[in-house]
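Peer 1: Pasting a structure here, questions to come.
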Amino acid sequence: MKARHKRLWFVLAGLAGLVLATWLVLNALDNNLSYFFSPTEVAERKAPADHVFRLGGLVETGSLQRGQEMTVRFTVTDNAHKVQVEYTGILPDLFQEGQGVIAQGRLNEQGVFVADEVLAKHDENYMPPEVADALQKSHQAGIAGTSEL
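Just so we're aligned: 375 in the numbering used here is position 128 of the sequence shown, and the numbers increase by one with no gaps anywhere.
Below, the structure is given as structure tokens:
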């Protein structure tokens, strides 16, 4: 085999390896991404039913229910729609009704969001940008009533 052919095979093998490595990295990133959705987007069926995603909004006042063991149920709202959330575990110290929350999990067959993780806002002046945008959009829409998912 001539030197030119060896070089060509070496370059082609290097490119194939680079393409494979790029594909593996992008595939791993896609599997680990967790997209954010508001209750309105969940109600409009924009959230994936088969993937983990983040749900953000306000914990509706009067919706917190403590069940058996460490199971907690509450409602997340963006003042336009509501989504029931079920979480088993210890809630963050700053978690309370009427405050911002982001929960990570997936929807079950009954349309209840089963959270694996719940994050409460950590500062009275802080609102995650996604939650603030969702609340502002629902406020601008001028929706007086709320509907439940």
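Beta carbons: idealized from backbone N, C-alpha and C, even for Gly. Quick caveat, the model's predicted, so the values are computed rather than measured.
Taking the alpha-carbon positions, what's the residue 313 to residue 274 distance?
Peer 2: Their Cα atoms are separated by approximately 39 Å.
Peer 1: With DSSP collapsed to three states, give me the class of residue 360.
Peer 2: strand
Peer 1: Would you call the segment 254-272 and the segment 292-303 in contact, with 3 or more CB pairs under 8 Å?
Peer 2: no
Peer 1: Got a sec, what are the start and stop residues for the beta strand (DSSP E) residue 350 sits in?
Peer 2: Following the DSSP letters along the chain, one finds residue 350 inside the beta strand (DSSP E) bounded by residues 347-354.
Peer 1: Taking the alpha-carbon of residue 284 as reference, which of 354, 320, 368 has the nearest alpha-carbon?
Peer 2: 354
Peer 1: Residue 283 bridges to which residues according to DSSP?
Peer 2: Bridge pairing for residue 283: 301 [DSSP].
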